[in-house]
Structure formats: structure tokens, C-alpha cells
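Structure first, commentary second.
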Amino acid sequence: MKLRRRVLKKHAMPELVLTPLIDTFATVLVMFMITAPMVQNSIKVDLPFGKSKEVSTAQEHIITLSKDGKIFFNNYPTGKKDLVAVVQKALGNKEDSPVFVKADRSISYGKVIEVVDQLKEAGVRYVAMSTQPI
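Every letter in the sequence shown is one number past the one before it in the working numbering, and letter 7, counting from 1, is 547.
And the structure:
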């Protein structure tokens, strides 16, 4: 019986294949890009119901009145005394920019009107009340 002699070939250095890693990274990146606009940090407010269309603007300014009476401007807490100055600073020269008021349904009508009066004092021309669709 004849023994064969094995010829050892020099193997190339092992390579790290990055294509699957890049594909996975790109997929995760696309998922985050799609879901990020859907996530919205906001204050929990139980809005009243109303028949109206949704209004979409480029730059929304939102005043939120929470159940415990706290006032938020664009999700940042503010006091009644500071509201006029904060709104004037945020609006700048854009007096035609609407301000949306989201008030919890348990808040009294008088407190909402006080906030609307402060917005008018700050120079806001258009105040819109936010409601839940029926």
C-alpha cells in the first residue's frame, strides 16, 4: 500500500467579514430613525372631547395645565408670573404663531381663562384649545 504524502498549503490569514455587522447596524439605525419621531415626551393630561380637525404647524407652542394646577410651556414647567415673559421670548417677532392650550378636564374654566388672558397680554393673536377627538 502506497502512502500519499500530503502537501500542506499555506492558508491565507483569516479575514473578519464586516458585511453582516454593517447590515445589522444599518437596520437598527433605520428602525430608530422611523420610531424616534413617534416617541413624544409629554405631560399626562385628560383632555375634554370635541369635534374639530387636527391642526399641524411647523413650530407648535403648547401650554399645558395639569390636573394639579401646574403650568407647562412646551413641556417645561413655568409659573403664572413667568408665563408672559417665557411666551414673549419663545415667540419673538412671530405674533401670528398659534399657541395651543391643553387643559385637563378637571381644571376650572376660570383658570384656563386666566392663562388665555396672560397669552393675550404676551401678544399672542391666536389661541387654540386642544381636545380629544370623539
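The beta-carbon is built from N, C-alpha and C at its ideal position, and this holds for glycine as well.
Which residue or residues does DSSP assign as beta-bridge partners of residue 569?
For residue 569, which the question treats as bridged, DSSP gives no partner whatsoever.
Assigned exposure category for residue 564 - 16 Cβ within 10 Å defines buried:
exposed
Could you check if residue 605 is buried or exposed, using at least 16 other CB atoms within 10 Å of its CB as the buried criterion?
buried
Presumed contact (8 Å Cβ cut-off) between residue 690 and residue 661, rounded CB distance:
One cannot answer for residue 690 here, as it falls past the ends of the chain, which runs 541 to 674.
Where the beta strand (DSSP E) through residue 653 begins and ends:
Where residue 653 is concerned, there is no enclosing beta strand (DSSP E), although the alpha helix (DSSP H) it sits in stretches over 649-661.
Can you tell me where the beta strand (DSSP E) with residue 605 in it begins and where it stops?
601-605
Selected residue, minimal CA-CA separation from residue 602, among 639, 652, 610:
639
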